[in-house]
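In our numbering, the protein residues as written are 4 to 133.
Don't be surprised by glycine CBs; every beta carbon is placed ideally from N, CA and C.
Right, one structure below, let's go through it.
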């Protein structure tokens, strides 16, 4: 009896989800990173975009990390972000977007919930730069 409960606890400990950040978004890792990259690019170019609520929540963490890096205008940060963003977006991020958040510590984006999409009932949201 004791042994069975010990084994059950041990197996549940092994199968626990650990060190997994973010949602899977029903995609393999490379497609998920490509999706977040394109959403981030659109957000920085247009200022706000309309997407599903789950994608908006994932995008918020990525975009805020990019803005925080861009606030510290160093060559190393520029090179790190250049691996992910296109040159046009990178220039706009460092020259226009990041300087307007100079005194702000986080909270650079706002998510506004819109309700459900008619076709499939997905929860929609607008994410915008504050």
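Please work out which residues of its chain come closer than 6 Å, Cβ to Cβ, to residue i, disregarding the five sequence neighbours upstream and downstream, and give them in chain order.
i: residue 43; result: 65 and 66
i: residue 73; result: 96, 97 and 101
i: residue 113; result: 131 and 133
Figure out for me which residue from the options has the closest Cα to the Cα of residue i.
i: residue 37; options: 82, 89, 50 and 73; result: 89
i: residue 57; options: 115, 133, 122 and 132; result: 115
i: residue 99; options: 76, 83, 85 and 113; result: 76
i: residue 68; options: 55, 104 and 35; result: 104
i: residue 122; options: 15, 30 and 55; result: 55
Considering only residues of the same chain and omitting the five flanking positions on each side of residue i, which have a CB-CB separation below 7 Å?
i: residue 120; result: 127
i: residue 117; result: 127, 128 and 129
i: residue 85; result: 93
Compute the Euclidean distance between the alpha carbons of residue i and residue j, then round it to the nearest angstrom.
i: residue 70; j: residue 132; result: 10 Å
i: residue 63; j: residue 111; result: 9 Å
i: residue 124; j: residue 79; result: 43 Å
i: residue 108; j: residue 60; result: 18 Å
So residue i packs on residue j, CB below 8 Å; how close in whole Å?
i: residue 53; j: residue 129; result: 5 Å
i: residue 92; j: residue 39; result: Not quite, the Cβ-Cβ distance comes to about 13 Å (not below 8 Å), so this is no contact.
i: residue 35; j: residue 28; result: 5 Å
Enumerate in chain order the residues of its own chain whose CB-to-CB distance from residue i is below 8 Å, with the five nearest sequence positions on each side excluded.
i: residue 33; result: none
Completely contained beta strand (DSSP E) runs for the region 42 to 130, where each covers 3 or more residues: 51 to 55 and 112 to 119
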